[in-house]
Amino acid sequence: MSSPNANAKTTAPVITSPDQIRNVVMIGSSGSGKTTIVEGLLLATGAITRAGSVQEGTTVTDFTDEARRTQRSVGMAVAPVMHDGVKINFIDAPGYADYTGDMRAGLRAADAALFFISAVDGVTGTTRMLWDECAKLDKPRAVVITKLDNTRADYDATIEACQTHFGVSALPLYVPLYQAEAEVGAIMDLLAGNIIDRTSGSLTVREPTGDEADDFESNRDALLEAIITESNDETLMEIYLEGGELEPDALKADMRVGIANGVFFPILPMAEPGGIGTAELLSLIVNGFPAPTAAWVPEAKTPNGETRELTADPDGPLLAEVVKTTTDAYLGRVAVVRVFSGTLMPETQVHIAGMTAWPGEEPRVRNENERAGALTSPFGAANRPVESLIAGDIGTVTRLSNAETGDTLSAPSDPLMLETWTQPEPMMPIAVAAARSQDEDKLSSSISRLVSEDPTLRLEQNAETSQLVLWSMGEAHADVTINALKERFGVEVTRIEYKVPFRATLAKKIAVQGRHVKQSGGHGQYAVCELEVEPIAAGSGLDFVDQVVGGVVPRQFIPSVEKGVRAQMENGIGNGYPLVDLRVKLVGGKAHSVDSSDAAFQMAGAIGLKEAWTKAGVTLLEPMLAVEIVVDNEYVGTIMADLSGRRGRVTGTTSDESGNTVVSAEVPEIEMVRYAVDLRSMARGSGTFTRENIGYEPMPSHLADEILKEKEPEKK
C-alpha cells in the first residue's frame, strides 16, 4: 500500500451491476512474460501511457516479481481496468512457488484464471502444479502463449505441451502467422473464419489464402469439434456433419458455456505489449469469462450452523471475504476484500468472523464488530476512492484493525462465516535473533504482525532449543519477510543455524551412586541414593521404581529422588539434550537424622543420573518425520534416490486425483530442514510435500559423534 500522497485524486469508475465485472487471476511462473502482458493490457485500456507511467501514480513495475521482493506490500497486486463498459479486476499473483498462498488467495477472489506460458520455455513444473490447483476448484481457465517474438519460440510445440499436460480440451482460438523470423504479423481467428492482419502497419481483416487456408481448416476443425461436442444444442452437430455453415455467434455462446463449465480451455497467442493478441484477449475476458452472477459463491454459515446459499446480488445480505491484509504506515491495517453478496459501504459497522489455527496450537477465534474505514479501488500502489463495493467487486477497506486474511465480513444484524480456503503450510524453518539488543523486545511482536497478514508464515518459540523460529515457504519468502521487518518495523534480524531438537537416552544399563554430602557448620546436607538406570522403549518417558528395603532411604525422601531425576532429565546431559525413556530403580541409599532433606535427596538423584550417562554413555535420538511428497511421475526416481541419500525409508507410493505420484517416507528431521528448496530444484517447481513428527529414533553413531562434538564448546 502507499502513503496518502500516492492515493489517486480521482474516483474509480462507478459500477452498478455485477454483470459489469470480471475477476481474473493471472498465473504464470517466473519468466513466463506475464509482466509484459500486464503492461500491454494496461496500455490497451488506457490505464498507463506508452511511457510506462500509470495514470493514477503507479508504474507497471509495481506488478513485477522483482518489485514483489522489495515492496512493503508483497504478494498479489490488483489492477482494475475498463474495457467495453466492463470493469476487469486483474489479480496478478507472484510467479514464485514461495507465494502459493497468494495464488490461492487470488483464486478465491477471482472467477476465472489466465495462465501465461512462454513459447520458449514451454509448460513448467510450477505451471502444472498451479493448473492442478485451479482444476480442484473447477475454475474457468484460458491459456496465453507469450514470447512469440523470440527466435527460440516454438508455438506448435507449446500447444502440444499444453494438450499433454492440460488435456485435449486446451485448443487455440487463434493461430499466429509470422511475416519474418520472430515477428508475428497476423493471427487466424478460427471462430470468425478470417485473418486479423497488421503487417501493413494498420489492422485489416481478410480471408485466408494459399497455404494459410490449409492450416486454417485443420486448426478450425479441431476447435469446432471440441465446442460442438460439449454443446447443449444438438442442431449444431447436425449442421456441422452435413457441411453447413455454423454461425459464429452460436459457436461463441457454446464456447462460453464450455469455458464456464471447465471443459474447454481456449489458447491465445500474444506478441509485443499492446500488439497482436491484446484486443482478442480483452474480448475473451469480457465475452467469454463468467460475470460474478454466473460464478460460484462460497457457502456461508450462520452462528448456529445453518447453511446460507447466496448469490451475487447487490441487494442481498452482506457477505465479503478478506483475501489479503497489509499494514500501511499512514492508514494502518488495510484489507483487500472480495464482496460475494450485498453491498459494502464505507464508515459502517461490519461483523468480523474468522479463526486462525496451527498444528499443536489453540485456535484463535475472531467474532466481533468493528467500524470499516474508507473504501478504495486498488491499482498497484495507488488507491482510488469508491462510494461502495457491490457484490462481485474487489476493493480495499481501511481501519479494520482486527481483520486477518481469510476472515468473513457481514452485517452485525445478520452475521455469517465462510469456510476459508486451504492455505499451504510453511515447511522451511529459519531461526532468527535480533541483531541489536534494543530490538529483542520488538522482534516477536513485529513477526506476529506479519504472520497475521500472511497465513503462510508461522512463528514458533521452540522450548527445547530456545530458538525463535520463522516457518516460511522458502528462501525468497523468508528474505522478503526479513526485509519487511527492517523496512516496516525497523527491526534488524540475524539468521542463525536452525537447531534440530535432539534427545538422548542411556547407551546401556548401569548401577551408580548419587552422593550429595556437605558439612559446613550448622545443619549440613546429606543424601546418598543407589540407582540402577537402563534405557527402555521409545516414548516410555521415565519409569521410576522404588525398590528400597529396610528404610535406608526414609519414605518421605523417595519422591525427592524421583523429582531430582526428572529435573535432570529435562535439563539434559552436558551438551543440553534432554534425557528420555529411562527406567530408574532406587535400590538403596543412606540418610542422616539431622542433615538429610528434600533438597539434598533431589541433588543426590540428579547427581546419580549424571554419573549414569558419564559412565554408560548416551545414544543420541533424532526426531523422525513422516513425509508425503507429491511430484510428477517423471521425477519419482530422482525423489526416491534423494530420499535414500537422506537416510529416508520409503513406505509406499500412490497416485492422486491429478495423476501425480505420492511418495510416502520416514526421514530424519535434520535431513529435511531445507527440503522445501531442494524439492523445487529436483522437481523443477512441480513438487509439494507435507511433514509430521512421528517420534525419535537412535542416530547412527558416526553422525551422533559429530553432533555431540559440536556441542562440546557449549559444555565447557
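The sequence shown begins at 39 in our numbering and counts up one residue at a time.
Ideal Cβ placement from N, Cα and C applies to all residues, glycine included.
None of these values were measured; they are calculated from a predicted model.
Exercise. Among the residues of its own chain, which have a CB less than 8 angstroms from the CB of K537, if the five just before and after it don't count?
Worked result: Its chain contains A469, N500, T503, Q505 as the residues whose beta carbon lies nearer than 8 angstroms to that of K537, once the 5 sequence neighbours on both sides are disregarded; these appear in chain order.
Exercise. DSSP puts V161 in a beta bridge; with which residues?
Worked result: V161 is bridged by DSSP to nothing; it lacks a bridge partner.
Exercise. Y278 lies in the alpha helix (DSSP H); which residues open and close that run?
Worked result: In the DSSP assignment, Y278 falls within the alpha helix (DSSP H) that extends over 272-279.
For this session: On a CA-only basis, which of F327, K653, F378, A664 is nearest S702? Give me that one, please.
Result: The shortest C-alpha separation from S702 is found at A664.
For this session: Would you grab the beta carbon distance between V435 and V375 for me? Rounded to a whole angstrom, and I think it's under 8 angstroms.
Result: Going by Cβ atoms, the distance from V435 to V375 rounds to 6 angstroms, so yes, they are a contact pair.
Problem set entry | Cut-off 8 angstroms between Cβ atoms - residues of its own chain near D103, not counting five sequence neighbours on either side | Low confidence applies here, because D103 scores a pLDDT of 44, under 50, leaving its location unreliable; read the following figure in that light. Closer than 8 angstroms at Cβ, skipping near neighbours: S68, T73, P132, G133, Y134.
For this session: Within its chain, find whatever has a CB closer than 7 angstroms to the CB of H121; leave out the 5 residues flanking it on each side and keep chain order.
Result: Counting only Cβ-Cβ distances below 7 angstroms, and skipping sequence neighbours, we find T83, L320, V324.
Exercise. Pick from T138, E572, I265: whose alpha carbon is nearest that of A288?
Worked result: For A288, the nearest C-alpha among the options comes from I265.
Exercise. Can you list the beta strand (DSSP E) stretches of 3 or more residues lying completely in the stretch 513-554, in chain order?
Worked result: Scanning the stretch 513-554 from its first residue to its last, the whole beta strand (DSSP E) runs of 3-plus residues come out as 531-534, 541-544.
Exercise. Secondary structure at M511, three-state DSSP: helix, strand or coil?
Worked result: In this structure, M511 counts as coil in the three-state DSSP scheme.
For this session: Starting from the C-beta of G512, find all residues in its chain whose C-beta is less than 6 angstroms away, skip the five residues before and the five after it, and write them out in chain order.
Result: Closer than 6 angstroms at the Cβ level, and outside the excluded window around G512, lie D136, M466, A714, V715.
Exercise. For the alpha helix (DSSP H) that A291 lies in, which residues bound it at each end?
Worked result: Residues 286-298.
Exercise. What is the DSSP secondary structure of E219, counted as helix, strand or coil?
Worked result: Reduced to three states, the DSSP call for E219 is coil.
Problem set entry | Rounded Cβ spacing between A147 and I432 (contact assumed at less than 8 angstroms) | That belief holds up - the Cβ atoms of A147 and I432 are roughly 6 angstroms apart, short of 8 angstroms.
Exercise. Which value, in whole angstroms, describes the spacing of the CA atoms of P352 and V222?
Worked result: Computed Cα separation, rounded: 44 angstroms.
Problem set entry | For L569, the nearest candidate out of Q594, A650, L617 (CA to CA) | By alpha-carbon distance to L569, the top candidate from Q594, A650, L617 is A650.
Problem set entry | For M607, three-class secondary structure by DSSP | Residue state, collapsed to three classes: helix.
For this session: For the stretch 158-217, list the alpha helix (DSSP H) runs that are entirely contained and at least 4 residues long, ordered along the chain.
Result: Restricting attention to alpha helix (DSSP H) runs no shorter than 4 residues, the stretch 158-217 encloses them at 163-174, 193-204, ordered along the chain.
Exercise. Are the stretch 137-156 and the stretch 445-462 touching by the rule of at least three beta carbon pairs closer than 8 angstroms?
Worked result: The answer is yes - the stretch 445-462 touches the stretch 137-156, with three or more Cβ pairs under 8 angstroms.
Exercise. Hey, out of G588, G589, H561, A542, whose CA is closest to L580's CA?
Worked result: If we check each option's Cα against that of L580, A542 comes out closest.
For this session: Measure how close the beta-carbons of V531 and L454 come, nearest whole angstrom, since I'm counting them as under 8 angstroms.
Result: In fact, because the Cβ distance is near 39 angstroms, the residues do not count as touching under 8 angstroms.
Exercise. With DSSP run on the structure shown, which of helix, strand or coil describes Y137?
Worked result: Taken through DSSP and simplified to helix, strand or coil, Y137 comes out as helix.
For this session: Report all residues from its chain with a CB closer than 7 angstroms to the CB of T414; omit the five preceding and five following residues, and keep chain order.
Result: Only N421, R422, P423, V424, G433, T434 meet the Cβ criterion.
For this session: Report the partner residues of I667 according to the DSSP bridge assignment.
Result: Looking at the DSSP output, I667 bridges to V701, F727.
For this session: Could you tell me which uninterrupted alpha helix (DSSP H) segments, each at least 4 residues in length, are contained entirely in the stretch 296-350, listed from first to last along the chain?
Result: Considered as a whole, the stretch 296-350 harbours 316-326 as its complete alpha helix (DSSP H) runs of no fewer than 4 residues, in chain order.
Problem set entry | Closest residue to A208 among E535, Y564, L306, V372 (Cα-Cα distance) | Taking the Cα of A208 as reference, the smallest distance to any Cα among E535, Y564, L306, V372 is reached at L306.
Exercise. How many Å lie between I59 and S379 at the Cα?
Worked result: Pairing I59 with S379, the inter-Cα distance amounts to about 14 angstroms.
Exercise. What's the call for E347, buried or exposed, on a 16-neighbour Cβ count within 10 Å?
Worked result: If you draw a 10 Å sphere on the C-beta of E347, you find fewer than 16 other C-beta atoms in it, and that means exposed.
Problem set entry | For Q387 and A291, the rounded distance between their alpha carbons | Going from the Cα of A291 to the Cα of Q387 covers about 42 angstroms.
Exercise. From this set, N407, V590, I197, E408, which residue's C-alpha is nearest A629's C-alpha?
Worked result: With respect to the C-alpha of A629, the residue from N407, V590, I197, E408 having the closest C-alpha is V590.
For this session: Mind listing, in chain order, the continuous beta strand (DSSP E) runs of no fewer than 3 residues lying wholly within the stretch 365-397?
Result: The DSSP assignment places 370-379, 387-394 as complete runs of the beta strand (DSSP E) inside the stretch 365-397, in order along the chain (cut-off: 3 residues).
Exercise. With a Cβ-Cβ cutoff of 9 angstroms, do L215 and E250 count as a contact?
Worked result: The beta carbons of L215 and E250 sit closer together than 9 angstroms.
For this session: Report yes or no: do the stretch 727-741 and the stretch 659-677 share at least 3 C-beta pairs separated by less than 8 angstroms?
Result: Segments in contact, yes.
Problem set entry | Three or more C-beta pairs below 8 angstroms linking the stretch 181-200 and the stretch 239-256 | Verdict: no, contact absent.
Exercise. Within this structure, are the beta carbons of A638 and K546 separated by less than 9 angstroms?
Worked result: At a Cβ-Cβ threshold of 9 angstroms, A638 and K546 do not count as neighbours.
For this session: Compare the beta carbon distance of D479 and E359 with 9 angstroms and say whether it is the shorter of the two.
Result: Not in contact: D479 and E359 (Cβ atoms no closer than 9 angstroms).
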